[in-house]
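Undergrad: Heads up, the sequence shown is in the working numbering, so the first residue is 1 and it goes up one at a time. Every residue gets a Cβ at the ideal spot worked out from N, C-alpha and C, and that includes glycine.
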Amino acid sequence: MTISDGVSLAIHRFFRAVDARDWDTASQLLADQVSIDYTSVFGGEPERVAGGEIVQRWRDLLPGFDATQHFLGPLLGTGEGVVECNVRGFHHLDGGTWMVAGWYTLTLAEDDGRVRIAGIDLAESYETGSRDLVERARQRAGS
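#1: In chain order, what residues of the same chain have a beta carbon less than 8 angstroms from the beta carbon of LEU93, not counting five sequence neighbours either side?
#2: Exposed or buried, GLY6, counting other C-beta atoms within 10 Å across all chains shown (16 or more means buried)?
#3: Give the straight-line distance between the Cα atoms of ALA17 and VAL87, rounded to the nearest whole angstrom.
#4: For my contact list, SER35 and ALA123 are in at a C-beta cut-off of 8 angstroms; report their separation, rounded to the angstrom.
#5: Quick check on DSSP: helix, strand or coil for MET1?
#6: PHE65 by DSSP, collapsed to three states: which one?
#7: Does the distance from the C-beta atom of GLY51 to that of ASP32 stay below 8 angstroms?
#8: So what's ARG21 in DSSP terms, helix, strand or just coil?
#9: Ordered along the chain, which non-local residues of its own chain (more than five positions away) have a Cβ less than 6 angstroms from that of LEU112?
#10: Closest to THR107 by C-alpha separation, out of MET99, GLY119, HIS12, ALA101, would be which residue?
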């Protein structure tokens, strides 16, 4: 599968919007219902939830970090509507950094001619730093 400019742009705009706390843009780039699987990092079960709920979860956590930054690439089309890419997600708080490295499998859907993310599956390879930063960020964000 060839990665179109529209697909690449939607993926990169989405993760940039999350890091910039641009929740409106992040919401617009998610499908109405999104399958998410972060079980390799946090345990639990994969979920299918409203795109708005995912954004709300991040709104309740990510502002507690001083900064986050998601580096992606390369984008590899693996089938119709499926893109895989390496990711390094940096989460910085009070001089400490928790970094998750892995592989995203992103499922895409077209809605009225616009590409939207309909599935986010993170397969963690490794992490560095303190995972305790997540709880500290959650408390700091007030959720």
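TA: Result, derived from the coordinates:
#1: Residue numbering aside, residue 93 sits at position 93 when the sequence shown is read from its first letter. Closer than 8 angstroms at Cβ, skipping near neighbours: GLY64, PHE65, ASP66, LEU133, ARG136, ALA137, ARG140.
#2: For the purposes of this step, residue 6 is taken as the residue at position 6 of the sequence shown. Exposed, by the Cβ-count rule.
#3: For the purposes of this step, residue 17 is taken as the residue at position 17 of the sequence shown. For the purposes of this step, residue 87 is taken as the residue at position 87 of the sequence shown. Between the alpha carbons of ALA17 and VAL87 lies a distance of about 16 angstroms.
#4: The sequence position of residue 35 within the sequence shown is 35, counting from 1. The sequence position of residue 123 within the sequence shown is 123, counting from 1. Taking a contact as a CB-CB distance under 8 angstroms, the pair SER35 and ALA123 does not count as one, their CB atoms being some 14 angstroms apart.
#5: Within the sequence shown, numbered from 1, the residue matching residue 1 stands at position 1. For MET1, the pLDDT reaches just 43, beneath the cut-off of 50, and the residue's location in the model is therefore unreliable, although a value from the coordinates is still provided. Three-state DSSP puts MET1 in coil, outside helix and strand.
#6: By one-based count along the sequence shown, residue 65 stands at place 65. Residue state, collapsed to three classes: coil.
#7: Locating residue 51 in the sequence shown gives position 51, counting from the first residue. Locating residue 32 in the sequence shown gives position 32, counting from the first residue. A distance below 8 angstroms separates the beta carbons of GLY51 and ASP32.
#8: Along the sequence shown, read from residue 1 onward, the residue named residue 21 stands at position 21. In this structure, ARG21 counts as coil in the three-state DSSP scheme.
#9: The residue you call residue 112 lines up with position 112 of the sequence shown. The residue asked about is misnamed: residue 112 is Asp in this sequence, not Leu. Excluding positions up to five away in sequence, the list is empty.
#10: Position 107 of the sequence shown, counting from 1, holds the residue named residue 107. Of the candidates MET99, GLY119, HIS12, ALA101, the one whose C-alpha sits nearest the C-alpha of THR107 is GLY119.
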